[in-house]
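Below you'll find the structure, written out as structure tokens, and then a few comments.
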Amino acid sequence: MKHSTMRNLAIGALVGLLATGVSAQQYRGDWWGHGHMGSGHMGSGGMHGWGWGQMNPGQQQRMQRHWTYMNQGVPGAYRGARSTVRATPQVIAEGRTLYSNNCASCHGAQGLGDGQAGRSLEPSPALLRQFVQMPMSGDEYLLWTISEGGERFGTDMPAFEDKLGEEDIWKIIAYMRAGFP
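For the sequence shown, the residue numbers in mature numbering (1 follows the signal peptide of the UniProt record, and there is no 0) are -24 to -1, 1 to 157.
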């Protein structure tokens, strides 16, 4: 992976953490070279003030998917995946219905992580409104996340691969990227 691409992914992951309400004070240490996962776990160089070992378990769970993506990419089934739908008004309306029926109970009606069912989850549901606008939130990443859920990373995000067809997942993504209208 090109250095600039890796840097952009890393910045996207860090911004993603901040979008979850985590303060920089919670990340003292050198995330890039030291901490819980050992020396050099996320490349070389320094980004002082960020430390894996200083994250609470919920934050570590949330970051694990980002770390996996940055270092290994998505599983082969999702590599190179691109949306098959255009964000037309009809697709966005269908995406809104699908999101309301499948996602809003945890992620909230506007993607702010404030859904009733998500209030007791650890880690808390992702703040999708901000996350879907980040460079890291490419098509293959979002399709993977929604399809397979979070069991692999110890989160309660359910897998939707057996409940929703791929086209329906793309409609949800189109709705979220449209800003939750």
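All residues carry an ideal CB built from backbone N, CA and C; glycine is no exception.
Being a predicted model, the structure only gives us computed values, none of them experimental.
Check, Outcome
"Pairwise C-alpha distance: E98 and D132", "8 Å"
"Distance between beta carbons of F136 and Q86, contact taken as under 8 Å", "Incorrect: roughly 20 Å between the Cβ atoms, too far for contact."
"Short Cβ contact (9 Å threshold) for G71 with A154", "yes"
"Three-state secondary structure (DSSP) of P65", "helix"
"Closest by C-alpha distance to A80, when choosing among G94, I68, A69", "G94"
"Environment of K147 [buried if 16+ CB atoms lie within 10 Å]", "buried"
"C-alpha gap between G126 and M39, whole angstroms", "11 Å"
"6 Å Cβ shell around S59 - same chain, five flanking residues per side excluded", "D115, W146"
"Cβ-Cβ distance between E143 and S123 below 9 Å", "no"
"Residue range of the unbroken alpha helix (DSSP H) whose run includes D144", "142 to 153"
"Beta-carbon proximity list for K139, same chain, < 8 Å, skipping 5 on both sides", "N78"
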